[in-house]
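Residue numbering for the sequence shown follows the working numbering, starting at 2 and increasing by one per position.
See structure below.
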Amino acid sequence: MAMSYYSLRGKLHLALLIAGVPSELRYVGNTPELSVAMSATTIDHRESNTGMDTIDASLFRIDEVTFDGILEEIGKENIAYILSGTNHDVESETVASKSLGVVTVGQKIRLGGYNLTDVSFTDSTPDLPVTIDPSKYTVDPVFGTVVFHDLDGVTTPVLANYKTGAVTHTTIASDFNKEYQLYFEGENIVNGQNVALTLHKTKKSPEAEFGLIHEEFGQYSISGKALSDSTKDKDGAFGLYGYYVEIPAVPSP
């Protein structure tokens, strides 16, 4: 008899549910770990006929169906998923005569924005503001910061002029309501059999840790719950939470 040993590999996809209907599948990238778990409460009945108080019946109540995994590829959609946030496109903007307030030599100041171009500074000399010589400051245009090295003869407040680059902001801990269909396409590498798993409706846990400094490749843990989909027949082929499929090989013609 053939042995049914398992060693699965595969791809995890998420489909945002819109009015209960799955949208397009989004492949989340390499996923070195992924699992589904169930927990239940057992209610035992003990008979009182024999004097031994033995258990003669049990009821099981499913407490929850959960999933856990690790993501390694961090695009803006995955970041929003991990951080329970939303993505916002911030357009390029031209900023003129923005006051930097009190400026101290040697201190780093955020100008606001990233990938800055056309950066210049003027002082607040009445009637005829003076453009500050670039030798008196150092700008990091990528991160949008400036450090002034010399403010002699500069009338404060310093005024900044620049153009920002277009970026995407991902908010943190701002959206806990999105629900996703979870879909796994896999292969048992022991025998080459294809498998699939679907959780109809899932909600990610807001608990997350987003590492910012790594000595090795970054990995980001995700977890959440599968929610019951009452539109599915509980005794049918799709289950209330989801279903697992072993896909038979199609014989060669």
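Note that the Cβ used here is the ideal one computed from N, Cα and C, for glycine as well.
query: Own chain partners of Thr95 with C-beta closer than 6 angstroms, once the 5 adjacent residues on each side are dropped; result: Lys164
query: Beta-carbon gap between Leu60 and Thr32 smaller than 7 angstroms; result: no
query: Unbroken beta strand (DSSP E) run spanning Leu15, endpoints; result: Leu9 to Ile19
query: Nonlocal neighbours in the same chain, by C-beta distance under 6 angstroms from Glu186, ignoring five residues either side; result: Gly11, Lys12 and Ala197
query: Per DSSP, cross-strand counterpart(s) of Phe144; result: DSSP output for Phe144 lists no bridge partner at all.
query: Local Cβ density within 10 Å of Ala81, reported as buried at 16 or more and exposed below that; result: buried
query: Among Glu188, Pro158 and Val37, nearest to Leu101 - alpha-carbon criterion; result: Pro158
query: Residues of its chain near Leu84, where Cβ-Cβ distance is below 8 angstroms and the 5 sequence neighbours each way are ignored; result: Thr171, Thr172, Ile173, Ala174, Ala209 and Phe211
query: Presumed contact (8 angstroms Cβ cut-off) between Glu180 and Thr203, rounded CB distance; result: 7 angstroms
query: In DSSP terms, what Val66 is bridged to; result: Met39 and Ala227
query: Cross-strand partners of Pro23 (DSSP beta bridge); result: Leu18
query: Contact belief for Gly113 with Gly145 at Cβ below 8 angstroms, rounded distance in angstroms; result: 6 angstroms
query: Cβ-Cβ distance between Thr105 and Ser125 below 7 angstroms; result: no
query: Contact check, Gly219 vs Ser206, beta carbons under 7 angstroms; result: no
query: Backbone secondary structure at Glu34 - three-state DSSP; result: strand
query: Inter-stretch contact at 8 angstroms, needing at least 3 Cβ pairs: the stretch 29 to 43 / the stretch 62 to 80; result: yes
query: Beta strand (DSSP E) segment containing Glu247, residue limits; result: Gly243 to Ile248
query: N- and C-terminal bounds of the beta strand (DSSP E) containing Ile110; result: Lys109 to Arg111
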